[in-house]
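Q:
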Amino acid sequence: MPGSIGVKKINIAVFLSGTGSNFKNLIKHSKKKKSKFKISLAISDKSKARGLHYAYKYKINKKTVNYLNIKNSEKNILTELKKNKIDIICLAGFMKILSNNFIKKFKGKIINIHPSLLPKYKGLNTHQRAINNNEKFAGCTVHHVNSKLDSGKIILQKKVKILKTDTSSKLAKRVLKQEHILYPKALKKILSTL
Ligand code: GAR
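Residue numbers (the working numbering): 16 to 209.
1. Report, in whole angstroms, the separation of the C-beta atoms of I118 and C105, which I expect to be a contact under 8 Å.
2. Q172 bridges to which residues according to DSSP?
3. By the DSSP assignment, the beta strand (DSSP E) with T34 in it spans what residues?
4. Mark D199 as exposed unless 16 or more other C-beta atoms lie within 10 angstroms of its C-beta, in which case mark it buried.
5. Determine the DSSP secondary structure at K188, reduced to helix, strand or coil.
6. Closer than 7 Å to a non-hydrogen atom of ligand 1 - does that hold for the CB of C105?
7. Let's test the definition: count the other Cβ atoms within 10 Å of the Cβ of M16 and tell me whether it reaches 16, buried, or not, exposed.
8. Compute the Euclidean distance between the alpha carbons of G18 and A201, then round it to the nearest angstrom.
9. Regarding N140 and ligand 1, is the C-beta to nearest heavy atom distance less than 7 Å?
10. Buried or exposed, going by whether 16 or more other CB atoms sit within 10 Å of the CB of L133?
11. If you count every other CB in all the chains shown that lies within 10 Å of the CB of K47, and 16 or more means buried, which is it?
12. Please say whether L67 and K77 have beta carbons closer to each other than 8 Å?
13. Quick check on the DSSP output: the beta strand (DSSP E) that includes I125 runs from which residue to which?
14. So, at 7 Å on beta carbons, what are the nonlocal neighbours of A64 in its own chain, with the 5 sequence-adjacent residues on each side left out?
15. Have a look at K100 and V157 and give me their C-alpha separation to the nearest angstrom.
16. With respect to 7 Å, is the separation between the Cβ of T182 and the closest non-hydrogen atom of ligand 1 below this value?
17. For the beta strand (DSSP E) containing S59, list its first residue and its last residue.
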């Protein structure tokens, strides 16, 4: 296509620990014609994370770190990030907390998706806690990562109505659907500012 030759794509690393539906979804978006990013690396703390299957499938470099020692693990991750010339890190269901030191090294370039309407319900079991508190809405948030858990500047948020019949897993499914719309949108927003 004229005009697109030589346009350098932003290199993204996705960090995950589980199913990887957000990872898969970001890969799908990266393959769109007008996409400004490319996913070059997957990092996981779990060698058996189901989501790593997408790294095989789409021939994306992957690295598993055992996290027995945080310092060494993060050192290994930083080496991989450098090797793959990563510009931005997207946390997508990554269940480890990054150290301040690590975050400083990638300052302003780490984003996360969290299954609640932050600042409400930081941490785990977000949906059950929202249901227990009779909240009208649950939702998801994409935010910058800073040194405090789930507390960085919000990029985008999406509300999801909580139904009377909701269980935590029913609600999680509907929120996840919205996560798959929100994360690429938020990433696009960030990339437009680079
Ligand atoms: C997603 O719901 C994500 O928001 C959540 O884990 C799930 C991962 O799903 N992240 C957190 O709870 C982080 N604190 P996926 O592996 O199918 O993308």
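Cβ coordinates follow ideal geometry from the N, Cα and C atoms, glycine included.
A: The short version:
1. Against the sequence shown, residue 118 aligns to sequence position 103. Against the sequence shown, residue 105 aligns to sequence position 90. That pair is no contact at about 14 Å.
2. Position 157 of the sequence shown holds residue 172. BP columns for Q172 point to T156.
3. The sequence position of residue 34 within the sequence shown is 19, counting from 1. Counting along the chain, T34 falls outside any beta strand (DSSP E), and DSSP gives it neither H nor E.
4. Within the sequence shown, the letter at position 184 stands for residue 199. Note that residue 199 is Pro in the sequence shown, not Asp. When all chains shown are included, P199 counts as buried.
5. Against the sequence shown, residue 188 aligns to sequence position 173. If DSSP states are grouped into helix, strand and coil, K188 belongs with the helices.
6. Within the sequence shown, residue 105 is the residue found at index 90, counting from 1. Checking every heavy atom of ligand 1 against the Cβ of C105, none is found closer than 7 Å.
7. Taking the first residue of the sequence shown as 1, we reach residue 16 at position 1. Note that M16 scores a pLDDT of 46, beneath 50, so its modelled location is shaky and nothing firm can be said.
8. What you label residue 18 is simply residue 3 of the sequence shown in a count that begins at 1. What you label residue 201 is simply residue 186 of the sequence shown in a count that begins at 1. Here the model assigns G18 a pLDDT of 44, short of 50, so the residue's position is not dependable, and the following value carries that caveat. If you take the alpha carbons of G18 and A201, they lie about 25 Å apart.
9. Stepping through the sequence shown from its first residue, residue 140 is reached at position 125. No, the Cβ of N140 stays beyond 7 Å of every heavy atom of ligand 1.
10. One-based indexing of the sequence shown puts residue 133 at position 118. Counting Cβ neighbours within 10 Å, L133 comes out buried, since at least 16 surround it.
11. Counting from one through the sequence shown, the residue named residue 47 turns up at place 32. Exposed: under 16 other Cβ atoms inside 10 Å.
12. Walking along the sequence shown from the start, residue 77 turns up at place 62. Walking along the sequence shown from the start, residue 67 turns up at place 52. Taking 8 Å as the Cβ cut-off, K77 and L67 qualify as a contacting pair.
13. Stepping through the sequence shown from its first residue, residue 125 is reached at position 110. Residues 125–129.
14. Numbered from its first residue, the sequence shown carries residue 64 at position 49. These residues qualify, in order along the chain: L31, S32, G33, G35.
15. Position 85 of the sequence shown holds residue 100. Position 142 of the sequence shown holds residue 157. So the two alpha carbons sit approximately 23 Å from each other.
16. Taking the first residue of the sequence shown as position 1, residue 182 is located at position 167. Flag unset: Cβ of T182 not near ligand 1.
17. Counting from one through the sequence shown, the residue named residue 59 turns up at place 44. From DSSP, the beta strand (DSSP E) with S59 extends over 52–59.
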